[in-house]
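Protein chains in written order, with the UniProt record's numbering: chain A, 1 to 216; chain B, 1 to 276. By construction, the Cβ of each residue, glycine as well, lies at the ideal position given by its N, Cα and C atoms. Keep in mind the model is a prediction, meaning the values are calculated, not measured.
Laid out in structure tokens, this is it:
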């Protein structure tokens, strides 16, 4: 099962700086050309801003306070899920260390040491924004970074994917997008010829993202 | 913008504004400089963050890029930056190679490489037997870290200073092994002599460390070229070094550093050591 159909990176002012169609097939006939992607990105950006205003104060306060208090679908702490373990997506978070090390064996992790980009859970920096959007045809996951850049994963809705609990799916997507963020830190931010907030045209980043997503 | 920031931090009672601004980083500076000057020259395992290195390199590249009009000028400037490092490395690494203990820890890393990698049949490989160039002097068998003895005992460890490398092969082996190990923590992946021109040698790196995050051409690799060129030129082997990307066997970032010695080097070699 493929986890990702399209991957977008939206900069902090709502501009689409990177898009990648990961399957190449025509599963999502709606959003095809680049212009529609641009509109989608900026729409998502505004929705994000609106939603964060709509979030009830009690949830925001609970979130910023301690991690045990959280709303229905908003989780502070995201557990570590190694790539390739999404086959056991429905079996919960307890045995998610089985596929550990799959990334490090055949892959160069750039400036990262060890078998994976990270080895433990992490805090989600999403503060009252959108984590996931579900439609009849698509599901969209958003990974919020501290710098304001957002990593967006678009996936077609499939029964296989739906079998897992929604929180597990969000966690898996967050893990994938966090790895993409790590790649972004290596291959985009360390490129001397990249202008900040501008579209990313980078063969190394492209290749690294392709190999990363292939493991999911 | 840089001026108002530190102003908030400094004590308003201080007399001179400029001095106090400068004072802020001094505790760090004095530490760092005294550290460098009192540090032993002996080899210690110093690891640098690759990310920090990459960001520094990126900043240097973009600054040079902004100040250059043409690509050739950019490459020449980058080359010049590396040149200074190479000049200094010659002294430092020759000294370190004279230390028995250091020699052991260094030379143990590199002789394994060139025998394993696949060869292009048209190119004759430089024999691996010369790879002892760095470890040729009397090395003590102990592998204990003598650095703990402190810098004052360093001179007593040196029985004989390492002789300066006079042959092209020796100095290239030194670059291939010791210099690469010092810079990148591994020996270069291959050292090949061109079969077409007698003054051309190739140092191969499958995975260039400095430029691994930089997409596109090989322009940024002129920095490493500068290091090699500075090293060789200062050692008495004036040459030109240029990078060439030659992907092979899954290493699509593989770089070949082409070393072209001046004619005088070959002439001297012919006179001194007979036919080359």
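Residue 204(B) versus chain A: which residues are under 9 Å apart at the beta carbon? In the second chain, counting from the first residue as 1, residue 204(B) sits at position 204. When 9 Å is used as the limit between beta carbons, residue 204(B) is near no residue of chain A, the shortest such separation being about 18 Å.
Under 8 Å between the Cβ atoms of residue 259(B) and residue 203(B)? As a first step, residue 259(B) must be located in the second chain, where it is residue number 259. As a first step, residue 203(B) must be located in the second chain, where it is residue number 203. Against a cut-off of 8 Å, the Cβ pair of residue 203(B) and residue 259(B) comes out as a contact.
Around the C-beta of residue 144(A), are 16 or more other C-beta atoms found within 10 angstroms, so that it is buried, or is it exposed? As a position in the first chain, residue 144(A) is number 144, starting the count at 1. The residue is buried, with at least 16 neighbouring Cβ atoms inside 10 Å.
Nearest chain A C-beta to residue 117(B) closer than 8 Å, yes or no? Residue 117(B) sits at position 117 when you count from the first residue of the second chain. Because residue 117(B) carries a pLDDT of 37, less than 50, the predicted location of this residue cannot be relied on, and no value is offered for it.
Identify each residue in the region 189–221 of chain B for which the Cβ-Cβ distance to at least one residue of chain A is less than 9 Å, and report them in chain order. 207, 212, 213, 214, 215, 216, 220
Any alpha helix (DSSP H) of 4 or more consecutive residues that is wholly inside the region 213–268 of chain B: 222–234
Please list the residues of the region 64–82 of chain B that have a C-beta atom closer than 7 Å to any C-beta atom in chain A, keeping them in chain order. Listed by position along the chain: 65.
Residues bridged to residue 156(A) (per DSSP): Here residue 156(A) refers to the residue found at position 156 when the first chain is read from its first residue. Answer is 138(A), bridged to residue 156(A).
Of the listed residues 247(B), 249(B), 183(B), 42(B), nearest to residue 227(B) (C-alpha basis): The sequence position of residue 227(B) within the second chain is 227, counting from 1. Nearest C-alpha to residue 227(B): 183(B).
Taking contact to mean 3 or more Cβ pairs, one atom from each stretch, closer than 8 Å, check whether the region 260–273 of chain B and the region 234–249 of chain B are in contact. Yes: the two stretches touch, three or more of their Cβ pairs being nearer than 8 Å.
Which one or two residues does DSSP pair with residue 12(A) in a beta bridge? By 1-based counting over the first chain, the position of residue 12(A) is 12. In DSSP, residue 12(A) forms no bridge with anything.
Would you say residue 121(B) lies against chain A (beta-carbon separation less than 8 Å)? Indexing the second chain from 1 puts residue 121(B) at position 121. A caution first: residue 121(B) carries a pLDDT of 38, below 50, which makes its placement in the model unreliable, though a value can still be read off. Not an interface residue.
C-beta neighbour in chain A for residue 39(B), strict 8 Å: Mapped onto the second chain, residue 39(B) falls at position 39. Closer than 8 Å: no.
Roughly how many angstroms separate the alpha carbons of residue 55(B) and residue 119(A), rounded to a whole number? Residue numbering aside, residue 55(B) sits at position 55 when the second chain is read from its first letter. Residue numbering aside, residue 119(A) sits at position 119 when the first chain is read from its first letter. Taking the straight line joining both Cα atoms gives about 24 Å.
Quick check on the DSSP output: the alpha helix (DSSP H) that includes residue 206(A) runs from which residue to which? Sequence index remark: in the first chain, residue 206(A) carries index 206 (1-based). 203–214 is the extent of the alpha helix (DSSP H) around residue 206(A).
With contact counted as at least three CB pairs below 8 Å, one residue from each stretch, are the region 240–257 of chain B and the region 88–96 of chain B in contact? no
Hey, does residue 48(B) have any beta-carbon neighbour from chain A nearer than 8 Å? Along the second chain, read from residue 1 onward, the residue named residue 48(B) stands at position 48. No, its Cβ sits nowhere closer than 8 Å to a Cβ of chain A.
For the alpha helix (DSSP H) containing residue 174(A), name the first residue and the last one. Numbered from 1 along the first chain, position 174 holds the residue referred to as residue 174(A). Per DSSP, residue 174(A) belongs to the alpha helix (DSSP H) from 166–183.
Check: residue 145(A) C-beta below 7 Å from any heavy atom of the ligand MN: Absent from the structure shown: the ligand MN. Ligands present: none.
Where do the N-terminal and C-terminal ends of the alpha helix (DSSP H) with residue 277(B) fall, by residue? Outside the shown range of chain B, which is 1 to 276, sits residue 277(B), and nothing can be said about it.
Please tell me whether residue 98(B) has its Cβ less than 8 Å away from any Cβ of chain A. The residue given as residue 98(B) occupies position 98 in the second chain. Cβ-Cβ to chain A under 8 Å: no for residue 98(B).
Would you check if the distance between the CB atom of residue 79(A) and the CB atom of residue 121(A) is smaller than 8 Å? Your numbering for residue 79(A) matches position 79 in the first chain. Your numbering for residue 121(A) matches position 121 in the first chain. Cβ atoms of residue 79(A) and residue 121(A): closer than 8 Å.
Tell me the residue span of the alpha helix (DSSP H) that contains residue 48(B). As a working note, residue 48(B) is residue 48 in the second chain. Residue 48(B) -> no alpha helix (DSSP H), and no H or E assigned at all.
Using a Cβ cut-off of 8 Å (strictly closer), state whether residue 61(B) contacts chain A. For the purposes of this step, residue 61(B) is identified with residue 61 of the second chain, where counting begins at 1. Cβ-Cβ to chain A under 8 Å: yes for residue 61(B).
What does residue 55(B) touch in chain A if you count any residue whose Cβ is under 7 Å from its own? Walking along the second chain from the start, residue 55(B) turns up at place 55. Within 7 Å Cβ-Cβ: 190.
So for residue 90(A), helix, strand or coil by DSSP? Numbered from its first residue, the first chain carries residue 90(A) at position 90. Since pLDDT at residue 90(A) reaches only 37, below the 50 mark, its modelled position is unreliable, and the value read off the structure follows with that caveat. If DSSP states are grouped into helix, strand and coil, residue 90(A) belongs with the helices.
Return the chain-ordered list of same chain residues with a C-beta closer than 6 Å to the C-beta of residue 126(A), the five sequence neighbours on each side being excluded. Here residue 126(A) refers to the residue found at position 126 when the first chain is read from its first residue. Taken in chain order, the residues that qualify are 144.
By how many angstroms is the C-alpha of residue 168(A) removed from the C-alpha of residue 92(A)? Along the first chain, one-based indexing puts residue 92(A) at 92. Along the first chain, one-based indexing puts residue 168(A) at 168. Any answer about residue 92(A) is weak, because its pLDDT of 38 lies below 50 and its placement is not dependable; what the coordinates show is given next. Going from the Cα of residue 92(A) to the Cα of residue 168(A) covers about 7 Å.
Interfacial residues, the region 235–254 of chain B to chain A, with Cβ spacing under 8 Å: none
Alpha carbon to alpha carbon, how far is residue 42(A) from residue 16(A)? For the purposes of this step, residue 42(A) is taken as residue 42 along the first chain, with counting starting at 1. For the purposes of this step, residue 16(A) is taken as residue 16 along the first chain, with counting starting at 1. Cα-Cα distance, rounded: 7 Å.
Could you give the distance in angstroms between the alpha-carbon of residue 165(A) and the alpha-carbon of residue 210(A)? Locating residue 165(A) in the first chain gives position 165, where the first residue counts as 1. Locating residue 210(A) in the first chain gives position 210, where the first residue counts as 1. Near 26 Å, if we compare the C-alpha coordinates of residue 210(A) and residue 165(A).
Can you check which of these residues, 252(B), 229(B), 219(B), 185(B), is closest to residue 48(B) by C-alpha distance? Along the second chain, one-based indexing puts residue 48(B) at 48. Of the candidates 252(B), 229(B), 219(B), 185(B), the one whose C-alpha sits nearest the C-alpha of residue 48(B) is 185(B).
For the region 158–189 of chain A, enumerate the residues whose C-beta is nearer than 7 Å to any C-beta of chain B, in chain order. Here the close residues are 186, 187.
Considering residue 47(A), what are the terminal residues of the beta strand (DSSP E) in which it resides? Numbered from its first residue, the first chain carries residue 47(A) at position 47. Premise fails: residue 47(A) lies in the alpha helix (DSSP H), 34–54, not in any beta strand (DSSP E).
Using C-beta distances below 7 Å, list every residue in its chain close to residue 57(B), excluding the 5 sequence neighbours before and after it, in chain order. By one-based count along the second chain, residue 57(B) stands at place 57. Within the same chain, residue 57(B) has close Cβ partners 210.
What does residue 221(A) touch in chain B if you count any residue whose Cβ is under 7 Å from its own? Outside the modelled stretch of chain A, which goes from 1 to 216, sits residue 221(A), for which no answer is possible.
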